[in-house]
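Visitor: Have a look at this one.
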Amino acid sequence: MKFTKAALAATLLATVAMPASAVTLSYGVTLTSDYISRGWTQTGNDAALQPWVEAESNGFYGGLWASNVSLGPDDIEVDLYGGYRWSVNETSFDLGYARYYYDSTGDAGGEIYFLVEQSIGEGTSLFGGMYIGHAGGVTLNDAHLGFSTTLYGSLTGSARIGITPGNIMYADMGLGYDVNDNVSLDARYYARTGGAGRFVASVGLSF
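Per the working numbering, the very first residue in the sequence shown carries number 1314; after that it's consecutive.
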């Protein structure tokens, strides 16, 4: 599940306006050297191709995100999500729900998520969030905090630390660079409790 990153970044992506329905449509694809979610590889440390599409209107949004995976019998993951984003002064909020599907396993359940981002200066922000599962009772599946700052021009630095059930901690830190409005690059180091760290490189296209 890579939805943490997609949800936080969605408001920064380029959009194509559709005036007739007052809806904006965003779409794109990411090629990454490894698909890591909450500190764990989802592709056996192999590369992943991750297309996505999202529609938004007056803060309400819905979308689809997909990736190849290597998880037992499963080779494909598809996430369906939707929610509402809004801002109060320098603080942005995102409340939504994501459902996860796999080609062999099928419906793997869903999570309610709540994300917050607070601007603390020119080009710098703090962010955090939580993902709550509801299968067989309410569980906190993920809680994380992080920061992002502009280093120079279109170059940004960011870091995040999170915790998952069993008190397993994960973290990542890295650099992002916007080549132009449609192309972005990312180089990042991931680590987790009891696991070896790994560098991951990604290139994204968005329209």
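C-beta: ideal position from N, C-alpha, C; glycine also.
Since the structure is predicted, the reported quantities are computational estimates derived from the model, not experimental observations.
#1: Which runs of the beta strand (DSSP E) spanning at least 3 residues fall entirely within the region 1434 to 1472, listed in chain order?
#2: Using a 10 Å radius around the Cβ and a threshold of 16 neighbouring Cβ atoms, would you call Gly1436 buried or exposed?
#3: Decide if Phe1440 is buried, meaning its Cβ has at least 16 other Cβ atoms within 10 Å, or exposed.
#4: How would you write the range of the beta strand (DSSP E) that Asn1381 sits in, first residue to last?
#5: Do the region 1498 to 1505 and the region 1479 to 1490 touch if we need at least three Cβ pairs shorter than 8 Å?
#6: I'd like to check one pair, Gly1442 with Leu1428: are the Cβ atoms closer than 8 Å?
#7: Buried or exposed, going by whether 16 or more other CB atoms sit within 10 Å of the CB of Trp1365?
#8: Using the rule of at least 16 other Cβ atoms within 10 Å of the residue's Cβ for burial, across every protein chain shown, is Gly1475 buried or exposed?
#9: As a quick exercise: from Asn1493, Thr1354, Ala1335, Val1342, pick the residue whose alpha carbon is nearest that of Gly1508.
#10: Which term fits Ala1448, buried or exposed, when burial requires 16 or more other beta carbons within 10 angstroms of its beta carbon?
#11: What does DSSP give as the partner residue(s) for Gly1419 in the beta ladder?
#12: Can you name, in chain order, every residue of its own chain whose Cβ lies under 7 Å from the Cβ of Ser1432, other than the five neighbours on each side?
#13: Quick one: is Ile1349 buried, meaning 16 or more other Cβ sit within 10 Å of its Cβ, or exposed?
Guide: Judging by the given coordinates:
#1: Segments of the beta strand (DSSP E) lying fully in the region 1434 to 1472: 1437 to 1446, 1452 to 1465.
#2: What you label residue 1436 is simply residue 123 of the sequence shown in a count that begins at 1. It is exposed - the Cβ of Gly1436 has fewer than 16 other Cβ atoms within 10 Å.
#3: For the purposes of this step, residue 1440 is identified with residue 127 of the sequence shown, where counting begins at 1. With 16 or more Cβ atoms within 10 Å of its Cβ, Phe1440 is classed as buried.
#4: The count along the sequence shown starts at 1 and reaches residue 1381 at position 68. Its beta strand (DSSP E) spans residues 1373 to 1384.
#5: Using a C-beta cut-off of 8 Å, the region 1498 to 1505 makes contact with the region 1479 to 1490, since at least three inter-stretch Cβ pairs fall below that distance.
#6: Position 115 of the sequence shown, counted from the start, is the residue given in the question as residue 1428. Position 129 of the sequence shown, counted from the start, is the residue given in the question as residue 1442. Yes, Cβ-Cβ distance for Leu1428 and Gly1442 is below 8 Å.
#7: On the sequence shown, residue 1365 is found 52 positions in, with the first residue counted as 1. Classification for Trp1365: buried.
#8: The count along the sequence shown starts at 1 and reaches residue 1475 at position 162. With 16 or more Cβ atoms within 10 Å of its Cβ, Gly1475 is classed as buried.
#9: Mapped onto the sequence shown, residue 1508 falls at position 195. When only C-alpha atoms are compared, the closest one is Thr1354.
#10: In the sequence shown, residue 1448 corresponds to position 135, counting from 1. Around the beta carbon of Ala1448, fewer than 16 other beta carbons sit within 10 angstroms, so the residue counts as exposed.
#11: Taking the first residue of the sequence shown as 1, we reach residue 1419 at position 106. When beta bridges are read from the DSSP output, Gly1419 appears opposite Tyr1415.
#12: Residue 1432 sits at position 119 when you count from the first residue of the sequence shown. Here the set comprises Glu1403, Ser1438.
#13: Locating residue 1349 in the sequence shown gives position 36, counting from the first residue. Buried, by the Cβ-count rule.
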